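Taking it in order: structure first as structure tokens, then the write-up.
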Amino acid sequence: MSASIAIQVLPEAPNDRELCRIVDEVISYIAKSGLRYEVGPFETTIEGDSYDQLMDIVKECQHVAVRAGAPKVSAYVKIVYRPAGDILTIEQKLEKYQRR
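What follows is the structure, encoded as structure tokens:
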């Protein structure tokens with residue numbers, strides 16, 4: 001893997017139920033990308049070999065939330081990118097913390 005992003009999408013919504021529904025649609029979109037991803041309580045981490053593909057996903061997440069009904073969307077994004085080499089994968093970062 002040469003790139004990893006963590007994205008927290010925060011749609012404006014009238015209540016928690018609607019907020020969760022919109023976020024679920026964004027996560028569904030991410031899942032359909034076919035890339036490795038991990039959903040956490042605050043953000044979703046996605047990894048891949050194409051920085052541009054990951055940036056396109058970040059951009060589209062905003063559109064997905066708006067199409068799902070959010071009048072406004074905020075997002076926080078963290079990016080790790082190493083064009084010539086590998087980065088730590090999700091598994092490498094989490095393996096010692098996984099319950100056995």
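Here the sequence shown is numbered in the numbering used here, starting from 1 and rising by one per residue. Ideal placement from N, C-alpha and C gives every residue a C-beta, glycine not left out. Source: prediction; values computed, not measured.
Check                                                                                                                                                 : Outcome
Would you call threonine 45 buried or exposed, if buried means 16 or more other Cβ atoms sit within 10 Å of its Cβ?                                   : buried
Please state if the CB of isoleucine 79 and the CB of arginine 5 are separated by a distance shorter than 7 Å.                                        : Reading off the sequence shown, one finds isoleucine at residue 5, where the question assumed arginine. Yes, the Cβ-Cβ distance between isoleucine 5 and isoleucine 79 is below 7 Å.
Can you give me the start and stop residues for the beta strand (DSSP E) that arginine 113 sits inside?                                               : Summary: the structure shown does not reach residue 113, with the chain confined to residues 1 through 100, and so no result is reported for it.
Would you report the Cα separation of valine 9 and isoleucine 22, rounded to the nearest angstrom?                                                    : 9 Å
Please return the same chain residues whose Cβ sits closer than 8 Å to the Cβ of valine 58, not counting the five positions on each side in sequence. : Ile5, Ile7, Ala75 and Val77
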